[in-house]
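Enquirer:
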C-alpha cells in the first residue's frame with residue numbers, strides 16, 4: 001500500500017509543518033506533537049506539499065518543493081580539457097498534466113539513485129535534499145533546473 005504523507009508551509013509563522021492531514025486544497029489539520037493537540041487550519045494559510053515516495057542518497061524523504069543537489073561530471077571529447085564537475089540544483093514539482101513529480105521535463109525517479117544522466121551522457125552523483133523553495137529561496141538563485 002502506498003504511504004501518503006504531506007507537509008505544509010505556513011508563511012504566516014515561517015514554519016514547515018510535517019504530518020498534516022489535508023481535508024481539501026485550502027484546509028488541513030496539523031498535529032502538534034509538543035502539546036499533543038490538533039489544530040484545524042482554515043483558509044489559504046499554507047501550501048500543502050506531498051511526499052514523492054522517494055528518498056535522497058542520505059535516506060531523507062523528498063517532498064514536492066524540495067531543492068536537490070547533484071554533481072555532474074562533464075567531458076567534452078576532443079577538447080583536450082579534463083573532465084569538469086558541475087553542481088546542479090534541481091527543483092521538485094508536481095505536474096498536474098502528467099500526474100507525477102518532475103524536475104524540469106524529466107520524471108523525478110530518473111534522478112534518484114542515478115549515476116548516469118541519460119539526457120547528457122554524463123556521470124553524476126545521486127541527489128541530496130539541501131532545502132526547499134519556501135525556507136531556502138536563496139538556493140533558487142544558485143542555478144536551479146526546474
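Numbering (full-length UniProt numbering), first residue to last: 1 to 146.
Ideal Cβ positions, reconstructed from N, Cα and C, are used throughout, including at glycine.
Could you round the C-beta distance between residue 52 and residue 124 to whole angstroms and report it? I think they count as a contact, below 8 Å.
Expert: One-based indexing of the chain shown puts residue 52 at position 52. One-based indexing of the chain shown puts residue 124 at position 124. Their Cβ separation, rounded to whole angstroms, is 19 Å, which puts residue 52 and residue 124 out of contact at 8 Å.
Enquirer: Taking only three categories from DSSP, how would you classify residue 146?
Expert: Locating residue 146 in the chain shown gives position 146, counting from the first residue. In this predicted model, residue 146 has a pLDDT of only 48, less than 50, meaning its place in the structure is not dependable; the value taken from the coordinates is given anyway. Here residue 146 sits in coil by DSSP.
Enquirer: Return the chain-ordered list of same chain residues with a C-beta closer than 7 Å to the C-beta of residue 129, the five sequence neighbours on each side being excluded.
Expert: Taking the chain shown and counting its residues from 1, the one referred to as residue 129 is at position 129. Closer than 7 Å at Cβ, skipping near neighbours: 56, 60, 62, 66 and 68.
Enquirer: Which residue from 47, 131, 98 and 90 puts its Cα closest to that of residue 152?
Expert: The structure shown does not extend to residue 152, since the chain is modelled only from 1 through 146, so no value can be given for it.
Enquirer: Tell me where the beta strand (DSSP E) around residue 135 begins and ends.
Expert: Residue 135 sits at position 135 when you count from the first residue of the chain shown. Segment: none, residue 135 is in no beta strand (DSSP E) and carries neither H nor E.
Enquirer: Out of curiosity, what's the CA-to-CA distance linking residue 43 and residue 17?
Expert: On the chain shown, position 43 is the one that residue 43 refers to. On the chain shown, position 17 is the one that residue 17 refers to. With a pLDDT of 49 at residue 43, under the threshold of 50, the modelled position of this residue cannot be trusted; read the value that follows with caution. Between residue 43 and residue 17, the C-alpha separation is close to 16 Å.
Enquirer: Tell me whether residue 93 sits in a helix, a strand or coil according to DSSP, three-state version.
Expert: Residue mapping note: residue 93 aligns to position 93 of the chain shown, counting from 1. Strand.
Enquirer: Alpha carbon to alpha carbon, what distance is there between residue 84 and residue 78?
Expert: Residue 78 sits at position 78 when you count from the first residue of the chain shown. Residue 84 sits at position 84 when you count from the first residue of the chain shown. Cα to Cα, residue 78 sits roughly 14 Å from residue 84.
Enquirer: Under the rule that 16 or more other beta-carbon atoms within 10 Å means buried, what is residue 87, buried or exposed?
Expert: For the purposes of this step, residue 87 is identified with residue 87 of the chain shown, where counting begins at 1. Looking at its Cβ environment, which holds fewer than 16 other Cβ atoms inside 10 Å, residue 87 is exposed.
Enquirer: Excluding sequence positions up to five away, which residues of its chain have a Cβ less than 6 Å from the Cβ of residue 122?
Expert: Counted from its first residue, the chain shown places residue 122 at position 122. Answer for residue 122: 72, 73 and 74, listed in chain order.
Enquirer: For the candidate residues 116, 133, 64 and 115, whose alpha-carbon lies nearest to that of residue 99?
Expert: Locating residue 99 in the chain shown gives position 99, counting from the first residue. Taking only the C-alpha atoms, the option nearest residue 99 is 64.
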